[in-house]
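Residue numbers for the sequence shown follow the numbering used here, so the first one is 1423 and each next one is one higher.
Note that beta-carbon positions come from the ideal geometry of N, C-alpha and C, so glycine has one too.
Report on the following structure.
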Amino acid sequence: METLAQHLAETLKTLRAQRKWSLTQAAEQSGVSKAMLGQIERGESSPTVATLWKIATGFAVPFSLFITPPSQSPAVTHFREGERPPFRQQNAQMRVTPLADFDPLLGFDLLAIEFSAGAFSESSPHAPGVTEHVVVISGALEVQVAQRWYSLRSGEVLRFNADVPHAYRNNSSEPVLIHDLIHYPRADETAC
Ligand code: MN
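Pasting the structure below:
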């Protein structure tokens, strides 16, 4: 079976070939160094969630593309637990699992994200028009959007335009589980 590192490597190589970008151009578009991109393409590096998100934003593709291939859903799809591998950050502060495969017609990622106690994660701005719904399933999470912090408890939802710097912080002593619904506008819906 293909490992996550191999899947990352193949996906990145394919995306870069489709766009005919050199490593230098890919580095400029994503803000991730040429050396790191090269390591990922050779399957030698397990990037952080933040790095992977920069790459996804630079290439204007959904985050989940690096974990599972996109598919067009039939009328009903039952996604089972454990079918899609979690993406773990090296320091294990954050674990991201797609709950469903990305469907380009629907245009959103539905992710389960677990933050360990004390976790802090900064996200660079996503492409214009990208929105997030942070749904706290259990525990309490603080989310920063454009300099302002919001405290969320389980059952609460924060919806925000995610094309600005934002961050997630678990200041509690318990792990936090959230679902993050990230909506990407279709290419024909954005002027730029
Ligand atoms: Mn984000």
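Look at Ala1514: its beta carbon is at least 8 Å from all of the heavy atoms in the ligand MN.
In terms of Cβ geometry, Val1556 and Leu1563 form a close pair [threshold 9 Å]. Runs of the beta strand (DSSP E) lying entirely within the segment 1521 to 1574, each at least 3 residues long, are 1530 to 1537, 1542 to 1545, 1553 to 1560 and 1562 to 1567 in chain order.
Listed in chain order, the alpha helix (DSSP H) elements of length 4 or more contained wholly in the segment 1428 to 1496 are 1445 to 1452, 1456 to 1463 and 1471 to 1481.
Asn1592 counts as buried, since at least 16 other C-beta atoms from the protein chains shown sit within 10 angstroms of its C-beta.
Remark: fewer than three beta-carbon pairs, one from each stretch, lie closer than 8 Å, so the segment 1575 to 1586 and the segment 1526 to 1541 are not flagged as touching.
In this structure, Arg1510 sits near Val1518, with a CB-CB distance shorter than 9 Å. Looking from the CA of Val1558, the closest CA among Asp1523, Ala1478, Ser1495 and Leu1533 belongs to Leu1533.
The alpha-carbon separation between Glu1544 and Lys1476 amounts to approximately 11 Å. Only buried fits Thr1473, as 16 or more other CB atoms lie within 10 angstroms of its CB. Residues Thr1479, Ala1584 and Asp1585 of the same chain have their beta carbon placed closer than 7 Å to that of His1548, with the five preceding and five following residues left out of the count.
The set of residues whose C-beta lies within less than 6 Å of a heavy atom of the ligand MN reads, in chain order, Ser1545, His1548, Glu1554, Ala1584 and His1588. Excluding its 5 nearest sequence neighbours in each direction, Phe1524 has C-beta neighbours in its own chain below 7 Å: Pro1484, Ser1486, Leu1487, Pro1492 and Asp1531, listed in chain order. Residues of the same chain with a CB within less than 7 Å of the CB of Ser1455, apart from the 5 flanking positions on each side, are Ala1449 in chain order. Each of Lys1442, Ser1538, Gly1453 and Val1471 was checked against the Cα of Leu1430, and the nearest Cα belongs to Val1471.
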